[in-house]
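K.L.:
Here the protein sequences line up with chains S and X, keeping their order.
Position one of the first sequence corresponds to residue 22 (this note's numbering), numbered consecutively onward.
Position one of the second sequence corresponds to residue 5 (this note's numbering), numbered consecutively onward.
Every residue, glycine too, gets a C-beta built ideally from N, C-alpha and C.
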Amino acid sequence: MMRGSNDRGNGAAMKLAVSLRPGEAPSDVRASAGPDFTLLARFVQKAEAAGLDMVLLADSAPVAGGPSNSQVPFESTTLLAALATVTSKIGLVAAASTVAHLPYNLARRFASLDVISHGRAGWHATMVPDPPEAANFSRQEGFSRDDFRRRAEEFIGIVQGLWRGWDADALLFDQHGGRFFDPEKMHLLDHKGEFFSVRGPLNVARSPQDTPVLVLSGLSGPDMDIGARVADVILLDEPLVAGAKADDLKRHAVAFGRNPGAIKVLMNVAPGAEMAARPDVIADRLEESFRSNCCDGFNILMPPLESVLDDFVDLVLPKLRRRGLVHPDYRNAALRSHLGLAGEEGR
Amino acid sequence: MSGRQMKLGAFLWATGHHIAAWRHPQAHVTAGVDIDHYIQLARTAEAAKFDMIFCEDAAGVREANVNIASQTSRSIGFEPISLLAALAVQTSRIGLVSTASTSYNEPYGLARTFLSLDHLSGGRAGWNLVTSASPIEAANFGSTGLRPHADRYERAREFAAVVTALWRGKLDGVSGPGHDGRSFSVRDPLDLQRSPQGAPVMVQAGASDEGRDLAARTADVVFTAAQTFEEAKAFYDDLKRRLPAYGREPDDIKIMPGVAPVAAETESEAREKYEELQELIPDDVGVALLSSYLSISDLWRYPIDGPLPELPASEGMQSRQALVIEQSRRDNLSIRQLARHFAGARGHWRVVGTPAQIADELEARFEGGAADGFNVMPSYFPGELYTFAALVVPELQRRGLFRKEYEGRTLRHHLGLKRPA
Ligand SMILES: Cc1cc2nc3c(=O)[nH]c(=O)nc-3n(C[C@H](O)[C@H](O)[C@H](O)COP(=O)(O)O)c2cc1C
């Protein structure tokens, strides 16, 4: 066993994320005048007030043949930047596709988001192959499953490498001596791979939380190794097999020289209307999965509607708190610290 | 006053536009990691009724020599689109323009990101199109080096056409259903609503013949560098002359040269302030910067007190290079003098003096038909933005040359641009 019962005995809290799921709101909301940042901001502030670890922002790929009018009507990284200025504790994770971005630009955008948010940013990359957006990014032919995987793996490696290009103490700000940074503490990446060639370094300072948090989802069998090697958080569907997968992942992580605690496995759940009707049932189900070591917590999928978040925060969350499963407060501002990832890297 | 008024951009850049700004006691030395500093600057610019905030961009640490780089503050900072998205919800009226390269992006992603910024800001976003001339950036996107100038502009033309079509919801207009061109293919329209200002504003920097032609075809605003009135006027006239060929009128494009003002209550104070900054420039940093403008790497081999060597035409910034060479010949400057001169204002027009003197200079170029407005490049932040806002803006307002209140809510409205169909 990678994580026995003492993990829970030590009071490791259940990690809780909320995912803003596009395209789920009732039609009257969808028809409203225009994109409304204020509503989204209120939603995220409410999640912060409830002490949730992070909000995941989807980035919808357009559906062939027409505008999809998504419920999160902003591109995810720009939305994250804006939300960062109206919150101060909650983690903010944006989905961004390895097909829609180039690794240098993506690493740079997220490094910047992490500085803007004072260490609360994360990148959510999906391993689901053959992404529909390829056709809008001059890749009509798409990718074979295998090419996509190898490319995504190389892409993620570059991004994480670029995030480590500046040592945490590289900046000197020595006005009098004329030394802005210590040249020894800036590192070129000099990556030359199958799909990309990237010199580096980034022109953004080191992250306040070491590196932005990497969230992976859509992992199939062969991706598990990638996840175990590089991910900070892994999102899994399928509650029945999740337990096996979580254990597997952590065993693999150890094989790669990481601490088992360096990966958090969150299970996707979409409680929907049940939440208001039977909050006890939901709380029981979450508790059961958590106590059986299926996962480190949950990613709750919901439309960006305050009323739905209210149901979770007012009805389900208090029960989880009473049962001692959830920490009542943020102990520190960084997302890595919310997730219990700070200082967990065994490398 | 109902006459024509000048447009003003607040060009924000970390510690300041002067190469040694970060060493100045009144510069905010941690600007590149301090979002609150930028929020403060944005609000200051908005209170002064600037048309827009402007950000430059480079996808890389542009100085190859790490020892030189380490003596300046330019190697780290915010990525501009995320920066402007953060500023969008912390301001309410001022325009937000960021530079982004056609060489290292895809049109669909760029169009979508800027449209999102436009929605976050309620119609205040703009994109400054550049083709990027630095081989160091190129090395972050492949192993084949910088594309030749003509190829970059060919790609840029297609890029701009696709972005414009996507913003207007008329993807079909490009070429059949979707777009399948030489450099790019796009299948779907954007999945975001139409821009509150019709489409984000198109800005362009790049002043070669091809750059001007692309601007005449697609740009709403042109950012340029011009030292003398004559240069500015020649550029202005040339660009406006190109418009009819694309069915456009002179007023459809606002030409905004950069200006690096050093203002103080008295002229001698202004000169002192400027000299104080110049003293802070290390020679090797000045020469390195000059080398990058000239797109050559071995300028340091030549005696620093001697003249510029003869230079071959480069694949990089043709227009900026020509500007530097012309100035060196005209004023008979040594490499050190030239380096200091350009380091201070980064090749842009510098004006040192009292608020009235600076207003005189701006007015002369504006009324003389050499500019529709200016992109203001303060020497150091936040101090010199405050100075410009407190001393020069009121002087321009008093003369009726600049607005006292915003008349509208979108960047297009501020700039007096038509809403695209
Ligand atoms: C005033 C001015 C500002 C510019 N700013 C940038 C910039 O921020 N980032 C960048 O990559 N290129 C910038 N460029 C250069 C563009 O990349 C431009 O495409 C390049 O100069 C080559 O085109 P040209 O020969 O037409 O000027 C700028 C050019 C000018 C004239």
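1) Apply the 10 Å Cβ neighbour rule to T148(X) and answer buried if 16 or more other Cβ atoms are within range, or exposed otherwise.
2) Between the Cα of R324(X) and those of A137(X), V289(X), F370(X), spot the shortest distance and give me the residue it belongs to.
3) Do K11(X) and L419(X) count as a contact pair if the criterion is CB distance below 8 Å?
4) Buried or exposed for Q161(S), please, with buried defined as at least 16 other CB atoms from any protein chain shown within 10 angstroms of its CB.
5) So which residues on chain S does P398(X) lean against when the C-beta distance must stay under 8 Å?
6) Using a Cβ-Cβ cutoff of less than 7 Å, which residues in the same chain neighbour A68(S) once the five nearest sequence positions on both sides are dropped?
7) In three-state terms, what does DSSP make of K237(X)?
8) Does the stretch 236 to 243 of chain X come into contact with the stretch 331 to 344 of chain X, if we say contact requires no fewer than three beta-carbon pairs (one atom in each stretch) closer than 8 Å?
9) If you reduce the DSSP assignment to three classes, tell me which class R3(X) lands in.
10) For A89(X) versus L45(X), is the C-beta distance shorter than 8 Å?
11) Could you check if S241(S) is buried or exposed, using at least 16 other CB atoms within 10 Å of its CB as the buried criterion?
12) Answer yes or no: the CB of H153(X) versus the heavy atoms of ligand 1, is any distance below 7 Å?
13) How is the beta strand (DSSP E) around A63(X) delimited, first residue to last?
14) Fully enclosed by the stretch 33 to 61 of chain X, which alpha helix (DSSP H) runs are 4 residues long or longer?
15) At a CB-CB cut-off below 8 Å, which residues of chain S make contact with S498(X)?
16) So the candidates are R413(X), R221(X), S296(X), A143(X); which of them puts its Cα closest to the Cα of L209(S)?
17) Can you find at least 3 beta carbon pairs, one from the stretch 251 to 265 of chain X and one from the stretch 358 to 376 of chain X, that sit closer than 8 Å?
18) Do you know whose CA, among R407(X), K422(X), R402(X), T222(X), lies nearest R8(X)'s CA?
19) Can you confirm whether the stretch 200 to 218 of chain S touches the stretch 146 to 162 of chain S when touching is taken to mean that 3 or more C-beta pairs between the two stretches lie within less than 8 Å?
20) Just the C-alpha distance for R216(X) and R161(X), rounded to the nearest angstrom, thanks.
21) Given the structure, does S332(X) come close to ligand 3, in the sense that its CB is under 7 Å from one of the ligand's heavy atoms?
22) If you measure from the CB of R324(X), is any heavy atom of ligand 1 nearer than 7 Å?
23) Considering only C-alpha positions, which residue in the set M35(S), D332(S), V114(S) is nearest to L356(S)?
24) Put G130(X) into one of helix, strand or coil per three-state DSSP.
25) Kindly give me the distance between the Cβ atoms of G81(X) and V225(S), rounded to whole angstroms, as I take these residues to be in contact under 8 Å.
26) My output table needs one value for H208(S): the three-state DSSP class, helix, strand or coil.
27) Can you tell me whether A46(S) is buried or exposed, with buried defined as 16 or more other CB within 10 angstroms of its CB?
28) Is the Cβ-Cβ distance between L100(S) and L73(S) less than 8 Å?
29) Find out if the Cβ-Cβ distance for the pair V254(S), P300(S) is shorter than 8 Å.
30) Could you tell me the alpha carbon to alpha carbon distance between V120(S) and E154(S), rounded to whole angstroms?
31) Under a CB-based cut-off of 8 Å, is Q75(X) close to chain S?
32) Reducing DSSP to helix, strand and coil, say where F217(S) ends up.
33) Against G199(S), what residues of chain X qualify as contacts under a CB-to-CB distance less than 7 Å, listed in chain order?
34) Just the Cα atoms here: how many angstroms apart are A219(X) and I284(S)?
35) For V290(S) versus L322(S), is the C-beta distance shorter than 8 Å?
36) Less than 7 Å between C-beta atoms, sequence neighbours within five positions excluded: which residues of the same chain meet that for R378(S)?
P.N.:
Quick answer:
1) T148(X) is exposed by the Cβ-count criterion.
2) Distances from the alpha-carbon of R324(X) to those of A137(X), V289(X), F370(X) put A137(X) closest.
3) Yes.
4) Flag for Q161(S) reads exposed.
5) Residues of chain S whose Cβ lies closer than 8 Å to the Cβ of P398(X) do not exist; the shortest such Cβ separation is about 30 Å.
6) Cβ neighbours of A68(S) within its own chain (closer than 7 Å, five residues either side excluded): V39, V76, I111, L330.
7) It is helical.
8) Touching, no.
9) Coverage of chain X is limited to positions 5 through 425, which leaves residue 3(X) absent and any answer about it impossible.
10) Contact annotation: A89(X) and L45(X) have beta-carbon atoms that are not nearer than 8 Å.
11) That one is exposed.
12) Proximity of the beta carbon of H153(X) to ligand 1 is indicated: a heavy atom of the ligand is located closer than 7 Å.
13) Per DSSP, A63(X) is not a residue of any beta strand (DSSP E), being assigned neither H nor E.
14) The stretch 33 to 61 of chain X contains these whole alpha helix (DSSP H) runs: 39 to 51.
15) Because chain X is modelled from 5 through 425, residue 498(X) falls outside the range shown and cannot be assessed.
16) Among R413(X), R221(X), S296(X), A143(X), the Cα nearest to that of L209(S) belongs to A143(X).
17) With the cut-off at 8 Å, the stretch 251 to 265 of chain X and the stretch 358 to 376 of chain X touch.
18) Among R407(X), K422(X), R402(X), T222(X), the Cα nearest to that of R8(X) belongs to R407(X).
19) Under the 8 Å Cβ criterion, the stretch 146 to 162 of chain S does not count as touching the stretch 200 to 218 of chain S, having fewer than three qualifying pairs.
20) Rounded to whole angstroms, R216(X) to R161(X) spans 12 Å at the Cα level.
21) Among the ligands modelled here, namely ligand 1, ligand 3 does not occur.
22) Checking every heavy atom of ligand 1 against the Cβ of R324(X), one is found closer than 7 Å.
23) For L356(S), the closest of M35(S), D332(S), V114(S) by C-alpha to C-alpha distance is V114(S).
24) Note: G130(X) maps to strand in three-state DSSP.
25) Sure, about 7 Å apart at Cβ, within 8 Å.
26) In the three-state scheme derived from DSSP, where H, G and I count as helix and E and B as strand, H208(S) is classed as coil.
27) At A46(S), the pLDDT of 46 sits below 50, so the modelled position is not reliable; the number obtained from the coordinates is stated separately. So A46(S) ends up on the buried side.
28) The Cβ-Cβ distance between L100(S) and L73(S) does not fall below 8 Å.
29) Taking C-beta atoms as the reference points, V254(S) and P300(S) fail to come closer than 8 Å.
30) One Cα belongs to V120(S), the other to E154(S), and the distance between them is close to 7 Å.
31) So, interface residue.
32) When DSSP states are grouped into helix, strand and coil, F217(S) belongs to the coil group.
33) Residues of chain X passing the Cβ test: R27, Q75, P286.
34) Spanning the two alpha carbons is a distance of roughly 50 Å.
35) Contact: yes.
36) Only positions 22 to 368 of chain S appear in this structure, which leaves residue 378(S) out of reach.
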